[in-house]
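**Q** The opening residue of the sequence shown carries number 1 in my numbering; numbering runs sequentially from there. Note that beta-carbon positions come from the ideal geometry of N, C-alpha and C, so glycine has one too. I have a structure I would like to understand better, so I am pasting it below and will then ask my questions one at a time.
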Amino acid sequence: MTRIQRALADAARALTGVSDTPRLDAELLMAHALRMERDQLLLWPPAVTAPEEFAPLLERRRSGEPVAYIVGRRAFWNIELEVGPGALIPRPDSETLIAAAVEHFEGTAGPARILDLGTGPGTLLLAALDQWPRASGLGVDSSPAALNYARANAERLGLANRAEFRLGSWAEGITEEVDLLLCNPPYVAAGAPLGPGVAEHEPAGALFGGPDGLDEYRRLAPQIARLIARGGLAAVEIGADQAAAAAALFAACGVLPVPKRDLAGRPRALLIQVNQQ
Ligand SMILES: C[S@@+](CC[C@H](N)C(=O)[O-])C[C@H]1O[C@@H](n2cnc3c(N)ncnc32)[C@H](O)[C@@H]1O
């Protein structure tokens, strides 16, 4: 075992009980401290001791700070996003929405116009713009801090000329029809347990959706159908146990959503199509 591999094993032990993924966290923090990619670290562990910066990074993680905030970035779909306090850290579950859109537009030129409601650090809009190089779109969020990350991410990814970001509340004031509407609203029920460090570090306004977690679907349901162009798709993220309740809220507004499952087989999104004839 090299010195770095020994340091990784020690760090993973120190994070056991603090994190659900202690070994992965240790590797990401070590790669960050060594200014290298994690793959590189694992394939070609350098013959050095852990650099000085590693211990403070490990300590921050031990106090519950999310790895993505410590290293300042998180991979999502085919892009990497800069994140930090004030912006929700992208979750792999949300890739279900992009996968559903890829399936929907397969064999076509893809969506021309995209709307991302509650864009956070630009997560869904920027992944979709990267996926469809001729598309352009708008990301809306009620958090100025999140929008700062979104704009910086668009610049860094070379997508700023196709991405506009706007402070606002869901689709209020938006009249344009779009081919693809993406939305991952806050849907955690108030007081529900979350993973270690989540409630302490990530913005409450990005997580909680009222007493039953459904408050934002109540606001969104009447707004969405009018925004989808013929042949278009809306993909709205839901909590794994919310498919029936959230679908009923949309059905009450005249649209019939179809649940889409994530890679673990749990309902993760509602898909809505209108104006097809
Ligand atoms: C669950 S996060 C999703 C972030 C990102 N789209 C993603 O998928 O990782 C929800 C986002 O919705 C935003 N939000 C909450 N209420 C909103 C509202 N009324 N209008 C617009 N955005 C809102 C939050 O600030 C947060 O960025």
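Between the segment 232 to 243 and the segment 66 to 86, do at least 3 Cβ pairs fall closer than 8 Å?
**A** no
**Q** With respect to 7 Å, is the separation between the Cβ of residue 236 and the closest non-hydrogen atom of ligand 1 below this value?
**A** Position 236 of the sequence shown, counted from the first residue, corresponds to residue 236. Every heavy atom of ligand 1 is 7 Å or more from the Cβ of residue 236, so no.
**Q** Starting from residue 163, follow its DSSP beta bridges and name the residues at the other end.
**A** To locate residue 163, count along the sequence shown from 1; it is residue 163. Partner(s): 137.
**Q** Using a Cβ-based criterion (distance less than 7 Å to any ligand heavy atom), does residue 178 qualify as near ligand 1?
**A** Walking along the sequence shown from the start, residue 178 turns up at place 178. Checking every heavy atom of ligand 1 against the Cβ of residue 178, none is found closer than 7 Å.
**Q** Could you spell out the range, first to last residue, of the beta strand (DSSP E) harbouring residue 270?
**A** For the purposes of this step, residue 270 is taken as residue 270 along the sequence shown, with counting starting at 1. Per DSSP, residue 270 belongs to the beta strand (DSSP E) from 267 to 272.
**Q** Alpha carbon to alpha carbon, how far is residue 272 from residue 197?
**A** Position 272 of the sequence shown, counted from the start, is the residue given in the question as residue 272. Position 197 of the sequence shown, counted from the start, is the residue given in the question as residue 197. In a straight line, the C-alpha of residue 272 is about 33 Å away from that of residue 197.
**Q** Would you give the residue range spanned by the alpha helix (DSSP H) that residue 18 belongs to?
**A** Stepping through the sequence shown from its first residue, residue 18 is reached at position 18. Looking at the DSSP string, residue 18 is not in any alpha helix (DSSP H), and its letter there is neither H nor E.
**Q** Residue 227 and residue 185 - do their beta-carbons sit closer together than 8 Å?
**A** Numbered from 1 along the sequence shown, position 185 holds the residue referred to as residue 185. Numbered from 1 along the sequence shown, position 227 holds the residue referred to as residue 227. Cβ atoms of residue 185 and residue 227: not closer than 8 Å.
**Q** Taking 7 Å as the line, does the beta carbon of residue 215 fall inside it for any heavy atom of ligand 1?
**A** The residue given as residue 215 occupies position 215 in the sequence shown. Checking every heavy atom of ligand 1 against the Cβ of residue 215, none is found closer than 7 Å.
**Q** If we ignore side chains and look at the alpha-carbon of each, how far apart do residue 236 and residue 40 end up?
**A** Locating residue 236 in the sequence shown gives position 236, where the first residue counts as 1. Locating residue 40 in the sequence shown gives position 40, where the first residue counts as 1. Within the model, the alpha-carbon separation for residue 236 versus residue 40 is close to 36 Å.
**Q** Starting from residue 230, follow the alpha helix (DSSP H) in both directions and report where the run begins and ends.
**A** Counted from its first residue, the sequence shown places residue 230 at position 230. Residue 230 -> not in any alpha helix (DSSP H); beta strand (DSSP E) instead, spanning 228 to 237.
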